[in-house]
Amino acid sequence: MWGHIHSHNPSSMHLNTHRPSYRVPKTMPPGNDSLFLYNLTLQPPSSAHKSLVGQFSGQKKTQELVLATSTTIEIYRPDTEKGKLRKLMVQHAFAIVQNIDKIRLTGTQKDLLIITSDSGKVVVAEFNEALSKFVPIVQEPHSKNGLRRVTPGEYLCVEPDNRAVMIAAVERNKLVYKVEMQNESGILKLSSPLENTSKNTLTLNLCALDTNYENPLWAAIEIDYSNYENREYDSQSSPLQLNYYELDQSLNHIILKKSKPDIDASANLLIPLPAPAGGVLICCKSYLIYESTPGGTRKYLQFPVRSDTSEVVITNFYVHKLKKKEFFVLVQSSLGDLFKITVSIEGETLTAFYATYFDTIPVCTSLNIFNSGFLFANSTDNNKFFYQFESLGEADDTTTSSVSEKSDFPTKTFFDSRGLKNLSLVEVLGSLSPLVDSTMLETYSSEFPDPLKQLVTLASNSYMKTLTYGVPVSELVSSPVPINPTSIFTTKISKKSINDDYLVLTSSLTMKSMVLSIGEVVEEVSDSGFALDQHTIAVQQIGQHSLVQVHNNGIRHIRNFFDDSDNVTSKRETNWYPPAGIVILHASTNNEQVLVGLSNREVCYFEIDPADDQLIEYQERLEVTGGSITALALASKFVTEGDRKSNFAVIGTSEETIQVISLLPKTCFEIVTLQALSANCFSLLMMPLDKDNYFVHIGMINGVYARVRIDVVSGKLGDSRLKYLGTQPVSLRSLALPNVASSGILAISSRPWIGYFNNESNFKLTPLIDISIKDGSAFYSEDIGIESVVGIRDGEITIFTVGGEEGEGFDVTNDLTISSIKLRYAPRKQLKDSLTDYFFVIESEFGVISPYLESKEVDAEYFEVFGYKKKENSWASCLQIVDVAGSGIEYTHEFTNNECTISLASIKIRDEEYLIVGTTENLVYSPHYYSGNSIYTFRIKRNAKKKPELVYLHKTTIEFPPSSLCAFNEKLLVGAGNQLRLYDVGRKQLLRKTSTKIDFLRRINKIQHIAGDVIVVCDSSESVSFMRFDQTKNQFIAFCNDTAKRQITALEVLDSRTVIAGDRFGNIFVSRIPKNVAEQLENNVLMKFEEETLGASSSRLDKLCDFYTQDIVTSLHKGSFVVGGSESIIYTGLQGTVGILLPLATTQEVDLLMKLENSLRDYFNDSFDDFDNTKQGFNLVGREHLKFRGYYNPVENVIDGDFIERFFELNPSAQVKLAGRLDKSPRDIERKIYDLRNRAAF
C-alpha cells in the first residue's frame, strides 16, 4: 500500500571502498499512515503568454528570444546560418509570472528584463552568460503578494526612450517608476512609484507611446463602470474610453487625459507607432483608428477581409523598425491572417497608412521579428514556429488605404487565403499546450527485451503527441558486410587527419578482422597492414603517423610514410607478442599510450617514442591480484594540449573490484586505490570534463552503469553515481556529440544510450530511440558534416547521427522526444485498447462546421493551415481509432446532430467488448444550454491480429449530460448530473438497472471502480467521495468524502483506501480512508448504520499530501519512465506540464530532504535588501517559496525536488556550509539528489 512502499531498484546499489554491507533501511513505523512525496517537473509549461526579442547577452548584432510561461523564463538564441533556435536555458521562477518587458539604458548595448509576478515586486534582471541565468539587480516591492484585480502587474509597459516604466492592474491602480542610473556604479535604479488611481475603471489594454523625448505618455482602453447598476450595458455596443496617462517630469505627477469621442465597443488592442510618426493605432472590429495626440484628428483604415468571413479581429502585433527611421507593423487576426501596415510620412506628420494581406500562419499569442530576417510565432494552442522572411511584401489588390471618416469606407476588399508567399517555415518548436489527457504506454519489440515507456497525450489543439524518454536518431546508411562482426572501430591514419579513414570490423566468433576505407564509397582495404586473421581488441592512431592494432595474439604497430601530397607511400610493420600460450584479453589506448591485459593476469604498458613513432615497453609488468582482468582504461579525449598522457590507469577484475594504478615514472604500477563493485566490471572508460575533473565510467555485467570521479592528483575515487540501463552487460565507447562541447559516451546494454555533460555541466544519460546496435564507434566525415556514430547489428553496419532528421544535432536541454499524429478535431478524452496499443479518441470542436459531413473527399492539409469554416454555436465531433505505433488513423465515426462528445469508456459484458461514448446536443456554454443527451454503444470486434474494429449498435437518450462513464461489475456506470445510474446492454438500447441521486453532489465528472462494490466519485465542485453499492437497496451509498470542497479535474486510485487528485486551481492532494472506517467497511458495519452528517456521509477522508503546481492537472497515472524504476505518480497539466511525484519510503530520507529544503529556503530568501551574494542566493522575482507551493492550502508532506535541485547553483563554500548543517558532505547531498531523480525519471 502507498505510504510504506519498499521498491527495489537495481541501480540503487552503491559503490563501496570495501565489500558492500547490506543494512535494512530505517523505514516508516509499521503503524504510520503517512505518505511523503518528492516532486520533480520533467517538462515545464510550454504555453508562453509573452515573448520578447532583445540583446540580453550584450553582444553586438546578437539577439535573443525570451519566453515567459506561467512559472518559467526561457531564453533562445537564433542560429542564422542554419535557421534554428537554440535553447540556452530554462529558469524556474517559483512564482506566477504575469508579464515581462525589456529596458535598455542610454549608451549601452545590453537589454535588461523587467518582470512582474505574484510576488508583489517589480523586478529588473540581467542575463548572466557565465551562469546562463537571469540575475535580479532590482526588486522593488509595490503591493502584497498574490494576484488580485487591483494589484498592479497585469500590464507592464516601458516607455520607448527607457525613461519610465508603468505597471497597471486590471482595475483602478497604476504605478509609474522613473528609471535612473547610478553613474558611478552603472547600476540601474527605480525611483519611488507615482500612483494613479482611477475609481470604477477597468483597463482592457495598455501601451507606451513614443513622444520623441517629450513627457512620457501611455494610452489605455478602459471601461467606466461607475453607474453600471443603474444603466443598461451592452458589451457589443456600449462605447469604450481611450485614456492617456502623462508623466509630467517637472511636477513629478501623473496627468490623466481623456480622448473624445469614445471609441467603438469592439476596440481591443493598442499599437504604438515609433517616431517620427508617433501616436497610436486602435484596433477595432475590421478597421483601425489612428490618433496622433490625445484628442487629435483621427484617421481610419479598413482591413481586407477573408472571402469566407465577414469581419477581422486583430489579436496581436509587432512593430519592426528599419533603417532611416522607417518601420512597418505586422498584425495578426483571430483567424491567423497576417496584415502588413505601412505609413506615409511628410515631415513628422503621418498622412496616410495602408494594410496589405501578407500571409497566413497559426493564431499566435505574440509575434517577434529578428533583425536577421526571422519571425518567431508564439502560437496560442499549437507548436511554436520559426519563419524566415522571403520578402517584405508589396502593395497589391488586397491593399486598403486610410480615410478621414468611417463613413468614407469603400466597399470591403476580400481576399482568398493562400499558402506562404512572403515567409518560409524553417523550424518547429514542439509544444504540449493545451494538454487535456494522457496515458502511460509500454511497448515491446523483438529488438529490445526491455519495454519502451511512453506518455501518450492529447495536446496542441488537434494532435496526439507521444513523449518518449530518449533522443531520436537519423539513420544515414545501412549496408550488409561479408562477416558477422561483434566489434567495430574507426581510426585516422595520421594525427592531423580530419576524417576517420578506416573502419575496422572484427568477429570474436570467426577470429577474423576486416578493414574498410571511408570515402565517397566504402570499400575493403587490402594493404592496410592489419592482421586480418586475428580478432581485433583495439585500434588506435598513435604518435604522428602510426596505427596500432591490438589483437588476441599480440600488438601490430604500423608506421605510415607520406609524400608531400599527404598520400601514403609505404608502411612499416612491427609486431609484439605475449609469452607462449598467453593471449591478450583486454586493452586500452590513447594517442601516446597502450595498456594490455594478458590471460595470466599480467598488465603490460607501452608508450610512444615521439622521435620515431615507435612503441616502447615498460620493462616491468604488473601482476593483478583479485582475479582475472575484465576491463582496462586509460584517460583519453584530453581537453588541453598540455595533457598528452594518462597519469593513471583503471583495471577491472573478476572479483567485483576495480583498481587504480599509477603510470607516473617514479610510481609506475603502484596501486593507488581499490574500489568494490556490486557486480563484475564489463567495460571501462576514463575521460575528462575539464582539466581538473576526470571521471571513470564503469559498465557492469548486471546492466548497471556507474560514474566515479577520480582525483587528478592522487588518483583516489569518489562521488559515485549509478543508473540501471538494461538486462545485458554495459559496453562503453567514447563519443563526440553535436552541440556538446565535451566528449560523451556511448553505452550499449539492452538498448543504446548516450551520456554527456549539458550546458550546466550536469551529466545526462539518455537512451537512443528506434536504433538497435550491438557495438558502435564515433565517426566523422566531412561529407556528412556532423559527428556521427557507426554501429553493427545482425551482419550489417549502419551510420546514423544523433538528433533530428536534418542532422542538426539534438537539444541537450530536452530529455523527451515528441512525435505527433494529426487528429481531426480538438481531442477530449482517450482510452487505450485493452489488448493492443490502439487508442480510442473522442474529439469535439466548438464554433466550426465539419467539412466531412458534406463531402467524403476533404483537403485535410488545407484545413490544417487555414482552419475549418466558422459558425456560431456549431459543433464538429467524431470518434477515432488511432494506431500509435503506425502513426495513423484507422477508423473515424462522425457525429452528425450538432453533438459534443464528453465521455468515453469500454466495458466487457458476457464476454463481449463494448465502447461507450457520451454526447450532448446543441451545447452552449454561456448561458449554459443543451437540447438533449445521448449514449452511443459500439461493439468491439477483433480480427486475427486482435486489431479492434467498431460496429455501431444503438443510441440511448438520457436526461442529463453523461459526464462520466465507467465499467462496474459487467455493467455500465454513468454519472449524469448528480445521479449514478447502472445500465446493461440491450439489443436496441441500454437498459437502466438502477438510479441513485446523491443530494450533496452537483455534477459528477470522474468515476473509478476500485474493487468489489466500492467506487470513488469526483464532482466538479464537491471533491472526492467513496461509495459502495448496496445490493439490498439497489443503491449507491456514500460512506466517506473529502473535508474540503474542490473542483476535481483528475483522479488516480493508489490503493483500496487512497486516491490522488488534482483540482482546477493547480493543487494536487492525496486523501485516504481512515483505518477504522476501512475496518468497519470490511465488516459491513458502516453500511448498516450509515447516517448523513453535515449534508454528506458520516466519515471524512484524511488528507495526507497537498501541493501547488500552478497548472490545471489534467491526468494522473501510476508508473515510471525508466526500466526498473520505482512506481511513482506521473501528472500532466493543461499548459503542457509533465511532472512526477516520487514516494519516499524511509524516515531518514524524509528528514534529510525536509531539512535540506528548509535550509535552501533560508539561503534563497525573498529579501533583496542588503543582498550579499556570499551569504545568500538570488530569488529571481522575490517570491517566498513556501507561500508559492502552499498557494491555496499549506503544502503538506510534499518536498519540492525542483527547489532542492537549486543546491547545484550554490557556490562551493555555500554547499559545504549548508551540507555541514545536515552532517553531510556536498557530494552526499548531490548523490542523494541524483539518485532520487533517477529512481523513476531522468
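Heads up: the sequence shown begins at 2 in our numbering, then just goes up one per residue.
Ideal Cβ positions, reconstructed from N, Cα and C, are used throughout, including at glycine.
Small disclaimer: the values here were computed from a predicted structure and weren't measured.
Rounded to whole angstroms, residue 623 and residue 614 show a C-alpha spacing of 24 Å. Setting aside the 5 residues that flank it on each side, residue 541 is surrounded in the same chain by 549, 590, each with a C-beta closer than 6 Å to its C-beta; the list follows chain order. The beta carbons of residue 1052 and residue 1019 sit closer together than 8 Å. The beta-carbon distance between residue 383 and residue 462, rounded to whole angstroms, is 6 Å. This is short enough to meet the 8 Å contact definition. The continuous stretches of beta strand (DSSP E) do not include residue 1238, which lies in the alpha helix (DSSP H) extending over residues 1227-1241. It is roughly 39 Å from the alpha-carbon of residue 171 to the alpha-carbon of residue 812. Cβ-Cβ distances below 7 Å link residue 151 to 170, 172, 173, 174 in the same chain, with the five nearest sequence neighbours on each side left out; the list follows chain order. Under the 10 Å beta carbon count, residue 191 is surrounded by 16 or more other beta carbons and is classified as buried.
Contact check for residue 544 against residue 574 fails: the beta carbons are separated by 8 Å or more. Between residue 489 and residue 791, the C-beta spacing is below 8 Å. Boundaries of the alpha helix (DSSP H) harbouring residue 1148: 1148-1164, taken from the DSSP string. For residue 226, the CB contacts under 7 Å within the same chain, skipping 5 residues up- and downstream, are 201, 203 in chain order.
Remark: three or more beta-carbon pairs, one from each stretch, lie closer than 8 Å, so the stretch 722-739 and the stretch 700-707 are flagged as touching. Around the beta carbon of residue 348, fewer than 16 other beta carbons sit within 10 angstroms, so the residue counts as exposed.
Contact annotation: residue 1207 and residue 1145 have beta-carbon atoms that are not nearer than 8 Å. The stretch 1033-1042 makes contact with the stretch 1099-1118, as at least three CB pairs between them are under 8 Å. Counting along the chain, the unbroken beta strand (DSSP E) around residue 476 starts and ends at 472-481. By the Cβ criterion, the stretch 108-127 is not in contact with the stretch 1212-1221, since fewer than three pairs of Cβ atoms, one from each stretch, lie closer than 8 Å. Residue pairing by DSSP places residue 275 opposite no residue, since no beta bridge is assigned to it. Taken in chain order, no unbroken stretch of alpha helix (DSSP H) lies wholly in the stretch 196-272 with a span of 4 residues or more.
Just measuring C-alpha positions, the residue of 1220, 1011, 1172 sitting nearest residue 1231 is 1220. The way I'd put it, the stretch 574-585 does touch the stretch 550-560; three or more beta-carbon pairs between them come closer than 8 Å. With a minimum length of 3 residues, the unbroken runs of beta strand (DSSP E) contained wholly in the stretch 777-852 fall at 789-794, 797-803, 817-823, 828-833, 839-849. Taken through DSSP and simplified to helix, strand or coil, residue 678 comes out as coil.
Going by beta carbons, residue 939 and residue 920 fall outside the 8 Å limit.
When beta bridges are read from the DSSP output, residue 424 appears opposite 390. Positions of the beta strand (DSSP E) runs, each at least 3 residues long and wholly inside the stretch 117-190, are given as 122-129, 134-142, 156-159, 165-169, 172-183 in order along the chain. The continuous stretches of alpha helix (DSSP H) do not include residue 548, which lies in the beta strand (DSSP E) extending over residues 547-552. The Cβ atoms of residue 657 and residue 634 do not sit closer than 8 Å to each other. A contact between stretches requires three or more CB pairs, one per stretch, nearer than 8 Å, and the stretch 297-308 meets this requirement with the stretch 393-407.
The alpha-carbon of residue 762 is positioned some 12 Å away from that of residue 689. Cβ-Cβ distances below 6 Å link residue 802 to 475, 787, 789, 808 in the same chain, with the five nearest sequence neighbours on each side left out; the list follows chain order. Contact check for residue 197 against residue 271 fails: the beta carbons are separated by 8 Å or more. The alpha carbon of residue 241 has as its nearest neighbour, out of 216, 284, 219, the alpha carbon of 284. For residue 317, the uninterrupted beta strand (DSSP E) segment begins and ends at 315-322. Judged by beta-carbon spacing, residue 56 lies within the 8 Å limit of residue 111, meaning their Cβ atoms are closer than that value.
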